[in-house]
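Student:
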Amino acid sequence: MVPHLAARWKYFQGREASPLTERSAWAESLVELTKELVAAGRGNVEMVVECSATVNEPDNPDEARGIDVVLVGRHP
Numbered sequence: 307m308v309p310h311l312a313a314r315w316k317y318f319q320g321r322e323a324s325p326l327t328e329r330s331a332w333a334e335s336l337v338e339l340t341k342e343l344v345a346a347g348r349g350n351v352e353m354v355v356e357c358s359a360t361v362n363e364p365d366n367p368d369e370a371r372g373i374d375v376v377l378v379g380r381h382p
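Numbers 307 to 382, taken from our numbering, label the letters of the sequence shown in order.
Written out as structure tokens, the structure reads:
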């Protein structure tokens, strides 16, 4: 999944994803989040990873706010 996320990052951000920040965070935190969701009985939700908010950063109006993960699903 990390190569796919890195390719999408480059497409949308216009630069390579850093091996020490973005790539390692994806490799570690997404696995941990998945484990936690499964343990909580929520393994059937979808994760939308690295998306942009509809509002921009207040300090830099040309830069969209980044969202790490959005969970999408239905309450059982």
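Backbone N, C-alpha and C fix where the C-beta goes; we use that ideal spot for every residue, glycine too.
#1: Taking 8 angstroms as the threshold (C-beta atoms), are residue 311 and residue 355 in contact?
#2: Report the rounded CA-to-CA distance for residue 309 versus residue 337, giving the unit in angstroms.
#3: With H, G and I counted as helix, E and B as strand and the rest as coil, what does DSSP make of residue 354?
#4: Around the Cβ of residue 359, are there at least 16 other Cβ atoms within 10 angstroms (buried) or fewer (exposed)?
#5: Classify residue 359 as helix, strand or coil using the three-state DSSP reduction.
Tutor: Inspection of the coordinates gives the following:
#1: As a position in the sequence shown, residue 355 is number 49, starting the count at 1. As a position in the sequence shown, residue 311 is number 5, starting the count at 1. It is a contact, given that the beta carbons lie within the stated cut-off.
#2: Within the sequence shown, the letter at position 3 stands for residue 309. Within the sequence shown, the letter at position 31 stands for residue 337. About 15 angstroms.
#3: For this step, residue 354 is matched to residue 48 along the sequence shown. Here residue 354 sits in strand by DSSP.
#4: Here residue 359 corresponds to residue number 53 of the sequence shown, with the count starting at 1. Exposed, because fewer than 16 other Cβ atoms sit within 10 Å of the Cβ of residue 359.
#5: Stepping through the sequence shown from its first residue, residue 359 is reached at position 53. The answer is strand: DSSP assigns residue 359 an E or B state.
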